[in-house]
Amino acid sequence: MASRQFNGRLDRTFVRVGSERVRSSTLPTDIEPDEGSHIIARRSAYDHHGIYVGNGTVVHYAGLCRSLHRGPVEETTIECFASGHEIAVKPNPMARYVGAEAVRRARSRLGENRYRLLRNNCEHFCNWCLYGESRSEQVEACFAHPMLALRAVTGLFLQIFTLKLHGMRCIARAM
């Protein structure tokens, strides 16, 4: 399923398969990621990472995705995770933990609230779930290219302020 992408917008109006955009009223079941898949919501200046755990839900480090206050590792709907952005499945052919074991590892950290942008973010979390190693290519790229870091931080703050209302709707729906 690594070559397929789908649009995780709330209305699920469009589905992306490869480079084609297809209109659909519901998310086709053949596009649903496999359990334990590393999924990415592509934001304007950075990517938000999570582990798909099945039945339309994702475990991710909420971090700073909804406010300036750090959020815990949580299980949420794929729509709330996507926050209106396109979702892609990241291929991890060398993953040490796959499927049910990756899901178990992700859920074992539910409620953890030790988010740190540079040392323990959503990408660190996903790589730990799949490889047993906390690592963030985005953070490494920012240290190598300072202008990229500035763009990512600016994008993060814009994301927080423009999607705060959407995040509150997702929180209310989960209660």
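In this note's numbering, the protein residues as written are 265 to 439. Every residue gets a Cβ at the ideal spot worked out from N, C-alpha and C, and that includes glycine. Note that this is a predicted model, so its numbers are computed, not measured.
- By a beta-carbon distance limit of 8 Å, Cys390 contacts His313. Their separation comes to about 4 Å.
- The DSSP-derived three-state label of Arg360 is coil.
- The beta carbons of Asn385 and Tyr325 sit closer together than 8 Å.
- Its chain contains Ala309 as the residues whose beta carbon lies nearer than 6 Å to that of Arg415, once the 5 sequence neighbours on both sides are disregarded; these appear in chain order.
- Taken through DSSP and simplified to helix, strand or coil, Arg369 comes out as helix.
- The three-state reading of DSSP puts Glu343 in helix, counting H, G and I together.
- Contact between His349 and Arg380 is ruled out by a C-beta separation of about 23 Å, above the 8 Å threshold.
- If you check the CB distance, Val323 and Val337 come in under 8 Å.
- Taking all protein chains shown into account, Glu397 has fewer than 16 neighbouring C-beta atoms within 10 Å of its C-beta and is therefore exposed.
- Assigned with DSSP and collapsed to three states, Tyr310 falls in coil, not helix or strand.
- Glu376 is the residue among His409, Glu376, Val417 whose C-alpha sits nearest the C-alpha of Arg334.
- Counted as a single uninterrupted DSSP element, the beta strand (DSSP E) harbouring Glu350 occupies residues 350-354.
- For secondary structure counted as the beta strand (DSSP E) over 3 or more consecutive residues, the segment 379-410 holds no complete run.
- Of the residues assessed, Arg399 falls on the exposed side of the cut-off, its CB having fewer than 16 other CB atoms within 10 angstroms.
- The residue from Met358, Ile351, Leu374, Asn319 with its alpha-carbon nearest to that of Glu339 is Leu374.
- For Gly300, no beta strand (DSSP E) segment is defined, and its DSSP state is neither H nor E.
- One alpha carbon belongs to Val353, the other to Glu296, and they sit about 10 Å apart.
- Classified as exposed, Arg360 has fewer than 16 neighbouring CB atoms from the shown chains inside 10 Å of its CB.
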